[in-house]
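Peer 1: Before I ask anything, let me first share the structure, which is written out below as C-alpha cells.
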Amino acid sequence: MAGKKISAILIISIFLFLAPSFIFAEGGSLYFSPASGTFFVGETFDVSIFVNSGGESINAVKVDLKFDPSRLQIASPTAGKSFIEVWVTQPAYSNIEGTASFLGGIPFPGIKTSAGLVSTITFRAISPGETAVFFSDSSKILRNDPKGTDILTSKGRGYYALTIPPPEGPIVFSPTHPDTNKWYKDNNPTFSWEKEEGVTDFSYTFDRDSTGIPDNVSQGSHTAVSYGEIEDGIWYFHIKAKKGGVWGGTSHYAVRIDSTPPASFIPTVDPDTRTVEKQPLISFITTDALSGISHYEIKYIDITSEEEKEVGFFREVSSPYRMPSLEIGTYLIVIRAYDVAGNFKEGTVRIEILPERIVFTRKGIQYQKITVFWWMLIILILIIIILLTASFYRKKKNEAIGKEKRRP
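For the sequence shown, the working numbering gives the first residue as 5, with consecutive numbering after it.
Here it is in C-alpha cells:
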C-alpha cells in the first residue's frame, strides 16, 4: 500500500512539474470574430482579428489575409482599436488580389493576451454565395525572445454567407432559374413577379450590379419578362412597382449563368499509350472559369477492329484512374469533365495494349512491366564509350611503353 502511495505522489509531482509545458506547448493562435455570419449583398460588416499568445509574452504580429474579391471587398482595413503600439508598415490591402496585411510590434517586455485585437476590417458584400476569409501561411506571432521565435500554431477561418436582401418591392421568381445560388447553363432567363392590388406600373432593369435601382419610367403593367443570349456571369434583375402614384422599394433577383464548357484537356497515360501493362493509369485535369468542375466521367471504346465496340456506359471517376484489365488491342479512352452548371468537355486519348514482348515507346524500351528509359540507355551508352575510349588509350600507352623497353 505504501508503495502505491509513493507511486501516486510521484506521478502527481511529475504532472505538476510538466503541466506548464503542456499548457504552453499549444502556442499562439489567430482567429476571427465573428467567425461566421449571414449578410446581405450591398451592406458592410465588421470582422475583427484577434491574437491568443498561449500564455507567452509576444512582441510582434504579422497577419496576412486572403479573401475572395469576387464576393468581398474591403471598405476599411483599420476600424477600431488595436493592442499594436508600433506599426512596422501601415496596414495594406488589395481588392483586386483579395489580400490584406498587418505588421506591428509591442515594445519590451511585450504582452501576454488571450484576446488581443490586431484590427477590425470592414468588408462589403458584393455578390451572393458562401465565402471564406483565412490567414496565409506567412502569418506569424513572434515570442519576446532574442530570436523572435514564431509560436503561431493555430489559424482560424471565417465563413460567411452572402445573400440577396429580402424584397422591398414585388415578389420575384424565375421559372427558368429558380435557385439564386445555383449555376445554370440556360442563358435565356425568364422572370415573373406578383402584382398587388392597386399597382399600376412596373419599372425594371437587368444588369451585373447587385444593388442596381430601376429608373422611374414605367415599362407597363405586365408581370413577366424574358431575356435571350445572356453572357456568362452573375446577373441581377431589379424591379419596383408604382402604387397610388408613388414608386416603391426595389426587389433584386440573382441568376448565375455558365453556358461555357470547361477548358480543353488531353488525358495522359502511365506508363505509355503503347504498353504491355493491361491496367494503365489514366490521369486528367482541367479548369472551369465560372461555376467550377463538378466531376469527371469515363468510357472506353474498343477500336481494335473496324467496327467500334463501346465497353459500358459513362461512369463517374476521379484522377488518376486505374483502368480495368484490358485485352490486347487498341482502345479510345473518353473522359468527360462536367462543370457545376452541367456543361461538359471531352478529352480523348488512344491506347494500345501490346503482347508481353519488347516494346519501343516514347519513354523507353518496355518488357512486361519493366521500362528502361531512353535517358538511362543514353547514359549507359556514354559510359560504354568512355570505358572503350579509356581502354583504347591505355592499350596504346602500354604498346608505346613496350616499344621503348624493346629498344637497344
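Every residue gets a Cβ at the ideal spot worked out from N, C-alpha and C, and that includes glycine.
Going by the CB atoms, is the gap between H226 and H242 shorter than 8 Å?
Peer 2: Contact: no.
Peer 1: Nearest to P170 by CA position, among P182, F43, K66, T153, is which residue?
Peer 2: It is F43 whose Cα lies nearest to the Cα of P170.
Peer 1: Does S395 come out as helix, strand or coil in the three-state DSSP assignment?
Peer 2: The answer is helix: DSSP assigns S395 an H, G or I state.
Peer 1: Quick one: residues in its chain with C-beta nearer than 8 Å to the C-beta of D72, no 5 flanking neighbours on either side, listed in chain order?
Peer 2: G102, T135, A136, listed in sequence order.
Peer 1: From which residue to which residue does the beta strand (DSSP E) around Y335 run?
Peer 2: Note, Y335: beta strand (DSSP E), 333-343.
Peer 1: Skipping 5 residues on each side, what residues in its chain have a beta carbon closer than 6 Å to that of H299?
Peer 2: Counting only Cβ-Cβ distances below 6 Å, and skipping sequence neighbours, we find E320, Y342.
Peer 1: By the three-class DSSP mapping on this structure, what secondary structure does P170 have?
Peer 2: DSSP places P170 in coil when its eight states are reduced to three.
Peer 1: If you reduce the DSSP assignment to three classes, tell me which class I27 lands in.
Peer 2: Residue confidence for I27 is low, a pLDDT of 39 falling below 50, so the modelled location carries little weight; the figure read from the coordinates is stated next. DSSP places I27 in helix when its eight states are reduced to three.
Peer 1: In three-state DSSP terms, what is K116?
Peer 2: Note: K116 maps to coil in three-state DSSP.
Peer 1: Look at the Cβ atom of I339, then the Cβ atom of F288, and state whether they are nearer than 8 Å.
Peer 2: Cβ distance < 8 Å, so I339 and F288 count as in contact.
Peer 1: Go to G253, then tell me how far its beta strand (DSSP E) extends in each direction, as first and last residue.
Peer 2: Segment 250-261, the beta strand (DSSP E) holding G253.
Peer 1: For a test of the three-state rule: what should DSSP assign to N185, helix, strand or coil?
Peer 2: In this structure, N185 counts as coil in the three-state DSSP scheme.
Peer 1: Quick check on Y214: buried or exposed, where buried means 16 or more other Cβ atoms within 10 Å of its Cβ?
Peer 2: It should be noted that the sequence gives Ser, not Tyr, for residue 214. Per the 10 Å Cβ criterion, buried.
Peer 1: Since I believe G133 is in contact with A39 (beta carbons under 8 Å), could you give me their beta-carbon distance rounded to a whole number of angstroms?
Peer 2: Going by Cβ atoms, the distance from A39 to G133 rounds to 18 Å, so no, they are not a contact pair.
Peer 1: Counting beta carbon pairs with one atom in the region 79-96 and one in the region 181-191, are three or more of them shorter than 8 Å?
Peer 2: The region 181-191 is not in contact with the region 79-96.
Peer 1: Tell me where the beta strand (DSSP E) around K199 begins and ends.
Peer 2: Per DSSP, K199 belongs to no beta strand (DSSP E) and is neither H nor E.
Peer 1: Applying the 10 Å Cβ sphere with the 16-neighbour rule, what's the burial state of F206?
Peer 2: That one is buried.
Peer 1: Starting from the C-beta of Q223, find all residues in its chain whose C-beta is less than 7 Å away, skip the five residues before and the five after it, and write them out in chain order.
Peer 2: Hits under 7 Å: F206, S207, Y208.
Peer 1: Considering only residues of the same chain and omitting the five flanking positions on each side of T308, which have a CB-CB separation below 7 Å?
Peer 2: The residues are G333, T334.
Peer 1: Once DSSP output is grouped into helix, strand and coil, what is the label at K400?
Peer 2: Helix at K400.
Peer 1: On the criterion of 16 or more Cβ atoms from any shown chain inside 10 Å, does R398 qualify as buried, or is it exposed?
Peer 2: Classification for R398: exposed.
Peer 1: Could you check whether the region 150-164 touches the region 233-250, counting it as contact only if at least three pairs of C-beta atoms, one from each stretch, sit closer than 8 Å?
Peer 2: Short answer: they don't touch.
Peer 1: Determine the direct distance from the alpha carbon of I168 to that of S52, and round the result to whole angstroms.
Peer 2: Distance between the alpha carbons of S52 and I168: 24 Å.
Peer 1: What are the boundary residues of the beta strand (DSSP E) that R75 is part of?
Peer 2: That residue, R75, is in no beta strand (DSSP E); it is neither H nor E in DSSP.
Peer 1: Within 10 angstroms of its Cβ, does P113 collect 16 or more other Cβ (buried), or is it exposed?
Peer 2: Exposed, because fewer than 16 other Cβ atoms sit within 10 Å of the Cβ of P113.
Peer 1: Return the CA-CA distance between F127 and P150, expressed in angstroms with no decimal places.
Peer 2: Rounded to whole angstroms, F127 to P150 spans 37 Å at the Cα level.
Peer 1: Any idea what DSSP makes of L107, helix, strand or coil?
Peer 2: Correct three-state label for L107: strand.
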